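So the sequence shown is numbered by our numbering: it starts at 148 and just counts up by one. We put the CB at the ideal spot given by N, CA and C, even for glycine. These numbers come from a predicted model, not from an experiment.
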Amino acid sequence: MNQPLTRSASDKMIAGVCGGVARSFGIDASIVRILAVVLSLFFGVVLVIYLALWLVLPLEQGGPTGFDDLKKMFSGTNNSTPPSDYR
148 MNQPLTRSAS
158 DKMIAGVCGG
168 VARSFGIDAS
178 IVRILAVVLS
188 LFFGVVLVIY
198 LALWLVLPLE
208 QGGPTGFDDL
218 KKMFSGTNNS
228 TPPSDYR
């Protein structure tokens, strides 16, 4: 392994998981993407693994994980104000 396993911020199509895995193992990201697609056609568990890696792997250089992004998305404050009159 050349680098620690993180998601790629620059080499990404969806979430940067395949780009990060490819960089970590020192291979081309296209090969990892093709393998992921082909294997997911035969084994659905590959999609679950991809989602799990997205949730737990941080973005490169100490960025947030996918779980952190989800927390931020769903814990945002609602800026709309309720009507003052409920009659």
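Exercise for the section: Go through its chain and collect everything with a Cβ distance to arginine 236's Cβ below 6 Å, but skip five positions before and after it. Expected result: Beyond the ends of the chain as shown, which are 148 and 234, falls residue 236; an answer cannot be given.
Handout entry: Whole-angstrom distance between lysine 218 and isoleucine 174, CA atom to CA atom
Key = Position 27 of the sequence shown, counted from the start, is the residue given in the question as residue 174. Position 71 of the sequence shown, counted from the start, is the residue given in the question as residue 218. The alpha-carbon separation between isoleucine 174 and lysine 218 amounts to approximately 32 Å.
Exercise for the section: Run the CB neighbour count on leucine 204, radius 10 Å, all protein chains shown included, and call it buried at 16 or more, exposed below. Expected result: Walking along the sequence shown from the start, residue 204 turns up at place 57. Residue burial is scored here from C-beta neighbours: leucine 204 has at least 16 other C-beta atoms within 10 angstroms and is therefore classed as buried.
Exercise for the section: Report yes if the CB atom of phenylalanine 214 is closer than 8 Å to the CB atom of leucine 202, and no otherwise. Expected result: As a first step, residue 214 must be located in the sequence shown, where it is residue number 67. As a first step, residue 202 must be located in the sequence shown, where it is residue number 55. Yes, they are a contact pair.
Handout entry: Extent of the continuous alpha helix (DSSP H) to which aspartate 216 belongs
Key = Locating residue 216 in the sequence shown gives position 69, where the first residue counts as 1. Aspartate 216 -> alpha helix (DSSP H) spans 213-221.
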